[in-house]
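*Asks:* Residue 595, in my numbering, is where the sequence shown stops; the numbers in between run on with no holes.
All C-beta atoms in this analysis are idealised placements derived from N, C-alpha and C, irrespective of residue type, glycine included.
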Amino acid sequence: MPRRIHCLRHLDEPQLQAALAALAPGADVDFRGLRFTEELWRSVTAAVGARFGRARFDTARFPARTHCQGTHFGGPAYFEGAHFEGDVHFTGAEFADYAGFDAATFAGAAHFREVRFHGEVRFVEARFAAEAFFDGVSCAATARFSEAWFDGIGAFTAACFSGGVSFTESWFRRRDGTSADFSEATFHRPAEFHGARFRGRAAFADAVFESEWRGAVVCVDELWMRGASFRTPLRMGIAALRVDMNRVRCESTAAFQLRYAAVSLRDAVLAEPVTLSYEAMPFMAGPRQLEQEMPREEGSVAVRLLRLSGVNAAHLVLTDVDLSRCEFSGSYNLDQISLAGRCEYGTPPSGLRRGGRLPLSWWSRRQVIVEEQYWRALPGASRTAADTDGWLTGLGHPDPAQSPTADDVAIVYRQLRKALEDTKNQPGAADFYYGEMEMRRHNKDTPPGERALLHAYWLLSGYGLRASRALWALLCAMGVTVLLLMLFGLPTAPPTSRMTGQVPVNGGRVVLTPDSAGRGVPTHLRDRFSAARMERAGRVVVNSVVFRSSGQDLTQGGMWIEMGSRLCEPVLLGLAVLAARGRVQR
10 MPRRIHCLRH LDEPQLQAAL AALAPGADVD FRGLRFTEEL WRSVTAAVGA
60 RFGRARFDTA RFPARTHCQG THFGGPAYFE GAHFEGDVHF TGAEFADYAG
110 FDAATFAGAA HFREVRFHGE VRFVEARFAA EAFFDGVSCA ATARFSEAWF
160 DGIGAFTAAC FSGGVSFTES WFRRRDGTSA DFSEATFHRP AEFHGARFRG
210 RAAFADAVFE SEWRGAVVCV DELWMRGASF RTPLRMGIAA LRVDMNRVRC
260 ESTAAFQLRY AAVSLRDAVL AEPVTLSYEA MPFMAGPRQL EQEMPREEGS
310 VAVRLLRLSG VNAAHLVLTD VDLSRCEFSG SYNLDQISLA GRCEYGTPPS
360 GLRRGGRLPL SWWSRRQVIV EEQYWRALPG ASRTAADTDG WLTGLGHPDP
410 AQSPTADDVA IVYRQLRKAL EDTKNQPGAA DFYYGEMEMR RHNKDTPPGE
460 RALLHAYWLL SGYGLRASRA LWALLCAMGV TVLLLMLFGL PTAPPTSRMT
510 GQVPVNGGRV VLTPDSAGRG VPTHLRDRFS AARMERAGRV VVNSVVFRSS
560 GQDLTQGGMW IEMGSRLCEP VLLGLAVLAA RGRVQR
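Here it is, written out as structure tokens:
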């Protein structure tokens, strides 16, 4: 049985020396409820040579400066309910068996750097009023920090959890800077973070998860997972304002259920299908709401993807994600990305715009990617833009060398369009087709003839996607044809078959000349505009639209006008029908 000594402080000097002399290195001690002074604690650790056997320090109170560097605990060590009035140093200590700090209170900084826990370690409901340093700690068995409170930073840099770790419903309360740091930590067994809350930044940079992550976490600031490696299937819930997943490595399937987050995935390595999706329901820990401190503004819950450069998108699935500011340039296999649910993109500036080449102009309503917005914002980039007001600007603005070119944007549009077409989302791919054609039309490397054709295609029908524009073009063409026929194409009266000639007196060949009466147009301009002539011209035009001959008698000029009408107006009708069909589908 351990030697139970409660009254060391009340012993006189000879009795104290006798009690300490009875201790030996590796001795079992029982100091439950004892209040230590600095001198008394130094005397006890010196008496045992910083080597304890079974140690009971339950509800004990430790002085403002408690030094346990390099201390060895050969048996179970109990610190349940202990109170450390100031800084405590366990740096380099070793716990060969169970280590229990449940409900312990650390009023100052707690230093557990490079501590080796060979048995189970528990900090359940522990309270850290200042910094808690667990850098380089090694836990061979289960480590439990459930419902622990960290008012300062909780640093677990390069820690190794071989037997699993639980931070269920832990609360990292530091608001400014990093509240929890698990950078380069290694988790060999399941890591339980269900209900963990971080008021400041939570860093998991370069951490390695060799087993599963369990639970959902809430981070009021940024969840920094840059360079983290997940080697087993993963299902992770995250409510955070920002999530840095640059260079993250998912070697197995992974599903990230997100709320509030603005996510960056630059240079991430996705070896298996990875899903980023918006989670509609708030994360809960039993009946308790975990998101009390998150923003409450309308739309703040939406998940936004910011960067995909350097990512092989073939294994990426996005569901209900806001892509209005996502930079797609630099990603690979973008045509194989899976876009499900309601993925939203940016839109052009709304309303009438002044300036530019036209006195007033407006942008066609469609979905645009952020690369086009960066390109449109460049001075003089869009030849048909009224101005560049309302477009987003990139980091390199206004330097064209640091902004995407029209060809770069066209490639992104083409790949995204194919990705939607492969999922049979033809109406959704229409806006990306429009954007691709716009970039081709403005690309200076496009051959002049092709650019002229694209300009005509855009002007007449919006690349076959704007029904109203195609119908107006058809009506205008028909109106111009009617006007030309009334002016130059319709004769005054139908031609007659009478022919005139003169028989020579002495006989010989008779020369017959057709009567040209009625073949000309009216002499006076006002006579060319009449209801009858308009009705005749209308018949010609209507028949020309459906590629039929009207049967009307026309002048030589009218025949050419009708031929031109029969070539152009059916094309415009076809574009109008095509655009109307696309509009109905959308």
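With C-beta atoms as the reference, is Ala189 less than 9 Å away from Phe181?
*Replies:* Yes. Within cutoff.
*Asks:* Below 8 Å CB to CB, which residues in the same chain sit around Trp467 once its five sequence neighbours on both sides are set aside?
*Replies:* Met446, Glu447, Arg450.
*Asks:* Please check the pair Val379 and Gly399, which I expect to be a contact at CB under 8 Å, by giving their CB distance rounded to whole angstroms.
*Replies:* About 13 Å; that fails the 8 Å criterion.
*Asks:* Helix or strand or just coil, what does DSSP make of Glu47?
*Replies:* Correct three-state label for Glu47: helix.
*Asks:* At what residues does the beta strand (DSSP E) containing Cys228 begin and finish?
*Replies:* It spans 225–233 - the beta strand (DSSP E) in which Cys228 sits, taken as one unbroken run.
*Asks:* At least one CB of chain C closer than 9 Å to the CB of Ser188: is that the case?
*Replies:* In the structure shown, chain C cannot be found, because there is only a single protein chain.
*Asks:* Helix, strand or coil, according to DSSP, for His533 in the structure here?
*Replies:* Three-state DSSP puts His533 in coil, outside helix and strand.
*Asks:* Using a Cβ-Cβ cutoff of less than 8 Å, which residues in the same chain neighbour Arg223 once the five nearest sequence positions on both sides are dropped?
*Replies:* Excluding residues within five positions, the ones whose Cβ falls inside 8 Å are Pro199, Ala200, Glu201, Phe202, His203.
*Asks:* My guess is that Ala108 and Gly90 are in contact by the Cβ rule of under 8 Å, so how many angstroms apart are they, rounded?
*Replies:* Going by Cβ atoms, the distance from Ala108 to Gly90 rounds to 14 Å, so no, they are not a contact pair.
*Asks:* Quick check on Arg189: does DSSP put it in helix, strand or coil?
*Replies:* What sits at residue 189 in the sequence shown is Ala, not Arg. DSSP places Ala189 in strand when its eight states are reduced to three.
*Asks:* In this structure, does DSSP put Tyr472 in helix, strand or coil?
*Replies:* Coil.
*Asks:* Would you say Ala116 and Glu140 are within 9 Å of each other, going by their C-beta atoms?
*Replies:* For Ala116 and Glu140, no; Cβs fall outside 9 Å.
*Asks:* Which two residues bound the contiguous beta strand (DSSP E) that contains Ser553?
*Replies:* Ser553 -> not in any beta strand (DSSP E); alpha helix (DSSP H) instead, spanning 540–554.
*Asks:* I need the straight-line Cα distance from Ala149 to Phe170, nearest angstrom please.
*Replies:* Roughly 7 Å between the two C-alpha positions.
*Asks:* According to DSSP, is Ile162 helix, strand or coil?
*Replies:* Residue state, collapsed to three classes: coil.
*Asks:* Taking the Cβ atom as the reference point for each residue, do Arg256 and Ala270 lie within a distance shorter than 9 Å?
*Replies:* Contact: no.
*Asks:* Would Val554 and Leu582 be called neighbours here (beta carbons separated by less than 9 Å)?
*Replies:* Yes; because the gap between Cβ atoms is below 9 Å, this pair is in contact.
*Asks:* Excluding the 5 residues preceding and the 5 following Ala486 in the sequence, name in chain order all residues of the same chain whose CB lies nearer than 8 Å to its CB.
*Replies:* The residues are Ser574, Cys577, Glu578, Leu581.
*Asks:* When burial is assigned at 16 or more other CB atoms within 10 Å of the CB, is Val489 buried or exposed?
*Replies:* So Val489 counts as exposed.
*Asks:* Got a sec? Which residues, its chain only, sit under 6 Å from Gly163 by beta carbon, not counting five neighbours each side?
*Replies:* The residues are Ala141, Phe181, Ala189.
*Asks:* Does the beta-carbon of Ser359 have 16 or more other beta-carbons within 10 angstroms, so that it is buried, or is it exposed?
*Replies:* Flag for Ser359 reads exposed.
*Asks:* Helix, strand or coil for Met290? Go by DSSP, reduced to three states.
*Replies:* Correct three-state label for Met290: coil.
*Asks:* With a CB to CB cut of under 7 Å and the five nearest residues on each side skipped, what residues in its chain are close to Pro282?
*Replies:* Cβ neighbours of Pro282 beyond the five flanking positions: Thr262, His324, Val326.
*Asks:* Give the straight-line distance between the Cα atoms of Phe66 and Arg74, rounded to the nearest whole angstrom.
*Replies:* Approximately 16 Å, taken between the alpha carbons.
*Asks:* Within the stretch 421–459, note down every full alpha helix (DSSP H) run reaching 4 residues or more, in order along the chain.
*Replies:* The stretch 421–459 contains these whole alpha helix (DSSP H) runs: 435–451.
*Asks:* Assuming Ala216 and Leu243 form a contact by the criterion Cβ under 8 Å, report the distance between their Cβ atoms to the nearest whole angstrom.
*Replies:* The Cβ separation is near 13 Å, so there is no contact.
*Asks:* From the DSSP output, in three-state form, read off Glu281 for me.
*Replies:* Coil, per DSSP.
*Asks:* Go to Val379, then tell me how far its alpha helix (DSSP H) extends in each direction, as first and last residue.
*Replies:* Note, Val379: alpha helix (DSSP H), 379–386.
*Asks:* Between the Cα of Phe40 and the Cα atoms of Tyr87, Glu178, Ala56, which residue gives the shortest distance?
*Replies:* The option with the nearest alpha carbon to Phe40 is Tyr87.
*Asks:* Looking at Ser238 and Glu260, is the spacing between their C-beta atoms short of 9 Å?
*Replies:* Cβ distance < 9 Å, so Glu260 and Ser238 count as in contact.
*Asks:* For Arg208, does the three-state DSSP call read helix, strand or coil?
*Replies:* Coil, per DSSP.
*Asks:* So, helix, strand or coil for His127, using DSSP?
*Replies:* Coil at His127, not helix or strand.
*Asks:* Take Gly83 and list the residues in its own chain whose beta-carbon comes closer than 6 Å to its own, dropping the five residues that flank it on each side.
*Replies:* Only Gly35, Gly62, Ala105 meet the Cβ criterion.
*Asks:* Do three or more CB pairs link the stretch 399–419 to the stretch 345–354 at distances below 8 Å?
*Replies:* No, the stretch 399–419 is not in contact with the stretch 345–354.
*Asks:* Take Gly308 as the anchor and find which of Arg297, Asp329, Ser179 has the nearest alpha-carbon.
*Replies:* It is Asp329 whose Cα lies nearest to the Cα of Gly308.
*Asks:* Please look up how many angstroms separate the CB atoms of Phe143 and Ala168, rounded, as I've assumed it's under 8 Å.
*Replies:* Between Ala168 and Phe143 the Cβ distance is about 6 Å, and since that is below 8 Å, they are a contact.
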